[in-house]
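Okay, so here's the structure we're looking at.
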Amino acid sequence: MRGIVIVMMEIICWVLFFLNIAGSVYLGADFVPVYAQLIGVDVPDPIICMVIGGVVGLLGSVILFGLVFAVIDIRAQTKRAAQLLDDLKERRTAASQRMRD
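Just so we're aligned, residue 408 is where the sequence shown starts under the numbering used here, counting upward by one.
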């Protein structure tokens with residue numbers, strides 16, 4: 408069951424990844440010329456604006472999903488560390504019980 412959840416989560420992340428890039432390309436065509444005019448630079452061609460938007464979207468997706476997977480990994484390691492700590496406590500309790508007997 409856990410494997411199915413991980414696979415479904417990965418599929419959702421890939422879909423969001425490509426939707427983010429596609430949306431950034433679309434928004435890049437709209438907003439890059441506005442920003443270029445604001446800073447006083449010549450407005451680039453629409454294709455260049457879309458490429459700039461796509462690159463920004465790609466960087467944003469990589470950072471976002473890197474953070475998501477880092478949090479998932481940290482939670483898994485924390486859970487594993489808690490389990491190892493519980494095992495250590497049980498061993499210590501069993502060893503002290505043997506010493507008493």
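Backbone N, C-alpha and C fix where the C-beta goes; we use that ideal spot for every residue, glycine too.
Extent of the continuous alpha helix (DSSP H) run through residue i
| i | result |
| --- | --- |
| glycine 473 | 453-507 |
Three-state class that DSSP yields for residue i in the structure shown
| i | result |
| --- | --- |
| glycine 510 | Since the first residue of the chain shown is 408 and the last is 508, residue 510 is not available in this structure. |
Cβ of residue i within 8 Å of any chain B Cβ
| i | result |
| --- | --- |
| valine 462 | Chain labels in this structure do not include chain B; a single protein chain is all it has. |
Residues near residue i by beta carbon distance below 6 Å, same chain, minus five either side
| i | result |
| --- | --- |
| cysteine 420 | Phe472 |
| arginine 487 | none |
C-beta contact flag for residue i and residue j at 8 Å
| i | j | result |
| --- | --- | --- |
| alanine 443 | proline 453 | no |
| glycine 410 | alanine 436 | no |
Cβ shell of residue i (< 8 Å), same chain only, five flanking positions each side left out
| i | result |
| --- | --- |
| glycine 467 | Asn427, Ser431 |
| aspartate 449 | Ala443 |
Same chain only: Cβ atoms within 7 Å of residue i, ignoring 5 sequence neighbours per side
| i | result |
| --- | --- |
| methionine 457 | Val432, Gly435, Ala436 |
| leucine 423 | none |
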